[in-house]
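Quick notes on the structure that follows.
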Amino acid sequence: MNTKGKVFKYPDNVDTDVIIPARYLNTANAQELALHCMEDIDTEFVKKVEKGDVMVAGWNFGCGSSREHAPLVIKTCGTGCVIAKSFARIFYRNAINIGLPILECEEAAEEINANDEVSVDFDTGLITNHTSGKTYKAQPFPPFIQNIIKCGGLLKSLKEGENND
Amino acid sequence: MTQKILAAHAGLESVTAGQLINAKLDIVLGNDITTPVAVNEFQKAGFNKVFDKDRVAIVLDHFVPNKDIKAAEQSKQCREFACSHCVSHFYDVGKMGIEHALLPEQGVVTAGDCIIGADSHTCTYGALGAFSTGVGSTDMAAGMATGTAWFKVPSAIKFNLKNKLPSNCSGKDVILTIIGMIGVDGALYKSMEFCGDGVASLSMDDRLCICNMAIEAGAKNGIFPVDEVTKAYLNGRCERNPVVYEADTDAEYEKVIDIDLSEIVPTVACPHLPENTHPASELTDIKIDQVVIGSCTNGRMEDMETAYKILNGKKVACGVRCIIIPGTMQILRECVEKGYYTAFIDAGAVVSTPTCGPCLGGYMGILAAGERCIATTNRNFVGRMGHTESEVYLASPATAAASALTGYITHPKEV
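Those sequence lines, one after another, are chains A and B. Each step along the first sequence adds one to the number in the working numbering, with nothing skipped, and position 97 is 97. Remember, the working numbering sits 1000 above the position in the second sequence when you count from 1.
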């Protein structure tokens, strides 16, 4: 599994309220919600994002609310991966559970710039910045989590486990 | 203490930080925003029954009584799911309350429990000596189906509390001070364990407030030891027997931080992060347009009592909108019986039925561009309570009520 696209760069402590403001949470429709992704800090994001693009951010990405709508709208917009220095724990868990690839890599998050062309190999954790020519190695997921992602999310992995019992 | 609860629920002798475990759940919780997503996932995956109808709690609290048609549709979906699965802890309009004020009050959660909730402030119940953490809707769906959840065992930071709080300070000032000290990711992935001689002086409402905001430091959970205060609170309230776990005297902590409660001052978190804290006494030139006293952080009886003592017989400053939201129907009823409700109205405040409403910018007190609100809520992110150019200052009920009287951020001793 991999992704390739241009970079949208964000600061530290991007919270779930700016990823998807609660005023829109009167629906669970992902397509409808995705129209408002990041709008409180970046009104251009939804207009410019293309399939496979990569978000790069600082520390504690996705802090705040437990709303699963946050990783869901990022994924629904077509974002192929989020790279950050660190993720807030509920966001981290939700991203895995819904199948949005995320990688923690401090060096990459620091050095990669907005609009750089980046590709990411999720199996190896290899991040390549085609604009600067530099590569980075992020920690791949532990096997337990890899299995959830391979199955296409937590519930599918549970169903698969049930069938194997 | 967290590790002991997790080990017991995973059927293991002991666990260590970093270990991946599968733990049995005592309660799985969702609200009117997160449950619809969970229900969709639950049904899509082909599950047809919940693991235990008595261990699932669904509370309609964010947008009820429904603020619009879409919110009504979401509530309807929750209601239908709860009815079709005979969920015993389903709280609809009339008996609902803000989930994290309601579940402890109703005795749904208790000491020793392992709880997940599709709401980030589920960490509140650590105040009762439970392991309780916020998750997303998919985890809620999996929890409802299987009665279990996977966890990575957290390491812990110990907060050693000493002495007693000054009279004009409360749990909110303690947790804001701690977040200011360690930052919004200062406890990321970790457990915040509160111990020490100072614990005994903290009321249950203070402890619930402190654990409630553990997530604002990035923590997986916050937890207090079970003592006489806890036992008195749980006694006669809980439907299940509490189980008491104690931290080992030689328990390993990643860090130990001493907090002298007697040195805490009324504290305010300025926009746009909860770590941006300052003493209220240094912010007296900040003019406010709105005051909100309520939420899962500070909508409990003691908070109402604090607001009453400050507002009773006085008037909210001209040009300030003061919104008071008791956290549950029982608290609302008590406000009526004790005369607080009338005192709030006479002071020029409005009183709402329980709702999360303004805290997350839902309804019942949305801010326009350029407006400022001092609130007893838990987050002050960009656009959290309305327009992206509005500002939220987080404070205790005492500081918020005092500010309502002057129209500026005010130390409670000034009124």
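For glycine and all other residues, C-beta sits at the position ideal for the given N, C-alpha and C.
Quick one: using the 10 Å Cβ neighbour count with 16 as the cut-off for buried, is residue i buried or exposed?
{"i": "S1120(B)", "result": "buried"}
{"i": "D1258(B)", "result": "exposed"}
{"i": "H130(A)", "result": "exposed"}
{"i": "K1076(B)", "result": "exposed"}
{"i": "V1244(B)", "result": "exposed"}
{"i": "E1239(B)", "result": "exposed"}
{"i": "R1333(B)", "result": "exposed"}
{"i": "P1397(B)", "result": "buried"}
{"i": "C1083(B)", "result": "exposed"}
{"i": "D15(A)", "result": "buried"}
{"i": "D1285(B)", "result": "exposed"}
{"i": "Q1003(B)", "result": "buried"}
{"i": "Q1074(B)", "result": "buried"}
{"i": "Q1043(B)", "result": "exposed"}
{"i": "N60(A)", "result": "buried"}
{"i": "P142(A)", "result": "exposed"}
{"i": "Q1106(B)", "result": "buried"}
{"i": "P1412(B)", "result": "buried"}
{"i": "G1357(B)", "result": "buried"}
{"i": "N1212(B)", "result": "buried"}
{"i": "I1058(B)", "result": "buried"}
{"i": "G1319(B)", "result": "exposed"}
So, is the C-beta of residue i closer than 8 angstroms to a C-beta in chain A?
{"i": "G1180(B)", "result": "no"}
{"i": "Q1043(B)", "result": "no"}
{"i": "P1271(B)", "result": "no"}
{"i": "V1292(B)", "result": "no"}
{"i": "A1118(B)", "result": "yes"}
{"i": "F1090(B)", "result": "no"}
{"i": "I1157(B)", "result": "no"}
{"i": "D1139(B)", "result": "yes"}
{"i": "L1332(B)", "result": "no"}
{"i": "T1016(B)", "result": "no"}
{"i": "F1063(B)", "result": "yes"}
{"i": "T1376(B)", "result": "no"}
So is residue i in contact with chain B if we call contact Cβ pairs under 8 angstroms?
{"i": "E68(A)", "result": "yes"}
{"i": "V73(A)", "result": "no"}
{"i": "N94(A)", "result": "yes"}
{"i": "V82(A)", "result": "no"}
{"i": "C63(A)", "result": "yes"}
{"i": "V18(A)", "result": "yes"}
{"i": "I98(A)", "result": "yes"}
{"i": "I90(A)", "result": "yes"}
Taking the CB atoms as reference points, tell me whether residue i and residue j lie closer together than 8 angstroms.
{"i": "K1418(B)", "j": "V1256(B)", "result": "The requested residue 1418(B) is not part of the displayed model; chain B covers only 1001 to 1415."}
{"i": "L154(A)", "j": "D1139(B)", "result": "yes"}
{"i": "K1416(B)", "j": "G1136(B)", "result": "Examination of residue 1416(B) is not possible in this model, given that chain B is present from 1001 through 1415 alone."}
{"i": "C1078(B)", "j": "P1036(B)", "result": "yes"}
{"i": "P1279(B)", "j": "I1325(B)", "result": "no"}
{"i": "G125(A)", "j": "L103(A)", "result": "yes"}
{"i": "A1045(B)", "j": "K159(A)", "result": "yes"}
{"i": "M1001(B)", "j": "E1246(B)", "result": "yes"}
{"i": "C1209(B)", "j": "Y1393(B)", "result": "no"}
{"i": "I96(A)", "j": "I20(A)", "result": "no"}
{"i": "A1349(B)", "j": "N1312(B)", "result": "no"}
{"i": "T1376(B)", "j": "D1289(B)", "result": "no"}
{"i": "D1061(B)", "j": "N1031(B)", "result": "yes"}
{"i": "G1386(B)", "j": "G1361(B)", "result": "yes"}
{"i": "M1181(B)", "j": "A1038(B)", "result": "no"}
{"i": "I1215(B)", "j": "G1134(B)", "result": "yes"}
{"i": "V1268(B)", "j": "A1395(B)", "result": "yes"}
List, in order along the chain, the chain A residues whose C-beta lies closer than 8 angstroms to that of residue i?
{"i": "Y1125(B)", "result": "Residues of chain A passing the Cβ test: none, with the nearest at roughly 15 angstroms."}
{"i": "K1070(B)", "result": "N26 and T27"}
{"i": "N1040(B)", "result": "A28"}
Along chain B, which residues have their Cβ under 7 angstroms away from the Cβ of residue i?
{"i": "I41(A)", "result": "V1382"}
{"i": "P21(A)", "result": "G1361 and G1383"}
{"i": "D15(A)", "result": "F1381"}
Starting from the beta carbon of residue i, find every residue of chain A whose beta carbon is closer than 9 angstroms, and list them in chain order.
{"i": "Q1074(B)", "result": "L25, N26, T27 and A28"}
{"i": "G1222(B)", "result": "What G1222(B) touches in chain A: nothing, since even the nearest Cβ is about 13 angstroms away."}
Residues of chain B with a CB under 8 angstroms from the CB of residue i: which are they?
{"i": "F144(A)", "result": "L1020 and W1150"}
{"i": "I127(A)", "result": "Residues of chain B passing the Cβ test: none, with the nearest at roughly 22 angstroms."}
Just confirm the distance between the C-beta atoms of residue i and residue j, as a whole number of angstroms; I'd bet it's less than 8 angstroms.
{"i": "I1374(B)", "j": "I1409(B)", "result": "6 angstroms"}
{"i": "V1226(B)", "j": "M1204(B)", "result": "Actually they are not in contact, since the Cβ atoms of V1226(B) and M1204(B) sit about 11 angstroms apart, beyond 8 angstroms."}
{"i": "L1006(B)", "j": "G1117(B)", "result": "No, L1006(B) and G1117(B) are not in contact; Cβ-Cβ is about 16 angstroms, not under 8 angstroms."}
{"i": "G58(A)", "j": "D12(A)", "result": "4 angstroms"}
Interface residues of chain B around residue i at Cβ under 9 angstroms?
{"i": "K156(A)", "result": "A1045"}
{"i": "N147(A)", "result": "Chain B residues near N147(A): none, gap ~11 angstroms exceeds 9 angstroms."}
Report the neighbours of residue i on chain A: residues whose CB is nearer than 7 angstroms to its CB, in chain order.
{"i": "A1142(B)", "result": "L154, L155 and L158"}
{"i": "T1399(B)", "result": "Simply none; closest approach about 22 angstroms."}
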